[in-house]
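Heads up: the structure comes next, in C-alpha cells.
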Amino acid sequence: MNLLRFLLLLPFLAACGSKDPAAAGDAAPAGSGDEPAMKPRALVTIGTIQTDTLTDVLRLSAVSAFPAKDALRATTTGYVLPPTPVVGQLVRAGQTVFTIQTKESRTLHLDKLTGDPRLKFSGIIPIKSGRAGILATVDKLAGDYVQDGEQLGLTYDRSRFGFVLDVPVTQLRYVHTGQSCRIFLPDGRILNGRVAEVLATADVSIQTQRYTIRPVGTFPDLPENLAVQVEIDKSAPHLASTLPRGAVLTNETQTAFWVMRLLNDSTAVKVPVKVGAQEKDHIEIKSPSFNPRDKILLSGNFGLDDTAAVKVTRPVAAEQ
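Numbering (mature numbering (1 follows the signal peptide of the UniProt record, and there is no 0)), first residue to last: -24 to -1, 1 to 296.
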C-alpha cells in the first residue's frame, strides 16, 4: 500500500520541483542592468557663419553663331572650274572664290581663242565674295554642272561672330544691351563679352527672349554651334553671410532649405533658412541671422532628423 501511494504522489513532486521555461527566459542576465541600448551618433564636422563679398549672377546657356552669312551663287548656267576652294579658308571682300564656264563657252572652246579683238566674251564667269569672312561650306566641286542661282558655297562674316542667348522672360529685367558679361568656354577659358543686340520677338513655346552676345577684345577662332555658359551680374557686389555649400540641405524640388545647428555637445537641430546668391563653394544665408558663435554642421549632416544625436570629430574652424 505504501508503494502505491508513493507512485501516485511522484508526478506531483516532479512538477513542484521543475522551473517555468518562460520565466527562466525572461530573467535578465547578471550584470546587464535595466538601461536601454545607447543610440548611435553620426560623426560630423562643424563650422560657423562667414561674411563674404558676393554678386548675384544670372547663368544661362548660349550657342556660338555667325549671324551674317553670305551665300555664293552661280550667276549663269555652266561648269565649275578648278581650283576648288577649301572649307575654313579666309576670303577677302571682292576675292574670286569660284569660277564658272558657261556651257556655250565649253562647247565652242571660247576660252582657248586668243588674239581676236572681236571676241569680247570668253564665257569665264568669276564668283566673288561680297565681304571678308570664312568659307563655311563648299557645295560644288570642280567639274560640277550648276544652274543659274544655285548655291556654290557659304561664307561667314567673322566680324559679326557672337553667341545666341535665350533669356527667360522672367529674367528680362536683369539683361540689357551694352551690359558686360562673362563667357565660359568648355575648355575652361573665360572670355569677356557684352550684350550686343536683342530681337523683337519671343519664343512662344518656351517664353524666351533672344539676345546676341559679342566677345570683347581678342578671342580664339571658334566653330559655330559651340555650347557655352554666360554669366551676367544681377546686382553689384555686396557683403553677405555665407556657409559652405555642403552645409545647406534642400528637398528634391529645391523649394525648401535648411541647416543643422549644434544645440549642445551631442544634439543637432534642424533650422529652416532662406538662401540668396549661390556660388561654386558658398551659399548666401539671408535668414535667419546666425550668431558668429553658432555651430553649424558642415559634413555628416545629410539625412539627419531634427534633434539628431551627433558626435563632433573636429572643432569649429575659428577655435582651431
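Virtual Cβ for every residue (Gly too), placed ideally from N, Cα, C.
Just so it is clear, the structure is predicted and the values come from calculations on it, not from any experiment.
Could you give the DSSP three-state label for residue 212: helix, strand or coil?
DSSP places residue 212 in coil when its eight states are reduced to three.
Just tell me which of 47, 262, 129 has its CA closest to the CA of residue 60.
Among 47, 262, 129, the Cα nearest to that of residue 60 belongs to 129.
Can at least three beta-carbon pairs, one atom from the stretch 26 to 35 and one from the stretch 252 to 267, be found at a separation below 8 Å?
Contact holds: three or more Cβ-Cβ distances are below 8 Å.
Please list, in chain order, all residues of the same chain as residue 276 whose beta carbon is under 6 Å from its beta carbon, the five residues on each side excluded.
Excluding residues within five positions, the ones whose Cβ falls inside 6 Å are 18, 19, 20.
Please classify residue 152: is it buried, with 16 or more other beta-carbons within 10 angstroms of its beta-carbon, or exposed?
Exposed: under 16 other Cβ atoms inside 10 Å.
Short check: CB of residue 224 to CB of residue 178, under 8 Å?
Not closer than 8 Å, so no.
Is residue 234 close to chain C, meaning its C-beta is less than 8 Å from at least one C-beta of that chain?
You won't find chain C in this structure, because it holds only one protein chain.
In the DSSP output, which residue or residues are listed as bridge partners for residue 168?
158, per the DSSP bridge assignment.
Pick helix, strand or coil for residue 145, following the three-state DSSP scheme.
Of the three classes helix, strand and coil, the one that applies to residue 145 here is helix, per DSSP.
Do residue 191 and residue 169 have their CB atoms nearer than 8 Å?
It is a contact, given that the beta carbons lie within the stated cut-off.
Starting from the C-beta of residue 114, find all residues in its chain whose C-beta is less than 8 Å away, skip the five residues before and the five after it, and write them out in chain order.
Closer than 8 Å at the Cβ level, and outside the excluded window around residue 114, lie 60, 61, 62, 63, 128, 129.
Can residue 244 and residue 180 be called in contact, C-beta distance under 8 Å?
No, the pair does not count as a contact, with Cβ atoms beyond the cut-off.
Starting from the C-beta of residue 108, find all residues in its chain whose C-beta is less than 8 Å away, skip the five residues before and the five after it, and write them out in chain order.
These residues qualify, in order along the chain: 66, 67, 68, 69, 133, 134, 135.
Going by DSSP, what residues sit across from residue 132 in a beta bridge?
DSSP lists 45, 110 as partners of residue 132.
How long is the line joining the alpha carbons of residue 84 and residue 121, rounded to whole angstroms?
Taking the straight line from one Cα to the other gives about 17 Å.
Work out the CA separation of residue 281 and residue 237 for me, nearest whole Å.
So the two alpha carbons sit approximately 12 Å from each other.
Using CA coordinates, which residue listed in 246, 220, 176 is at the minimum distance from residue 232?
Cα-wise, what sits closest to residue 232 is 246.
Beta-carbon separation of residue 43 and residue 138 under 8 Å?
The answer is yes: Cβ separation under 8 Å.
Indicate the three-state DSSP secondary structure (helix, strand or coil) for residue 223 in the structure shown.
Correct three-state label for residue 223: helix.
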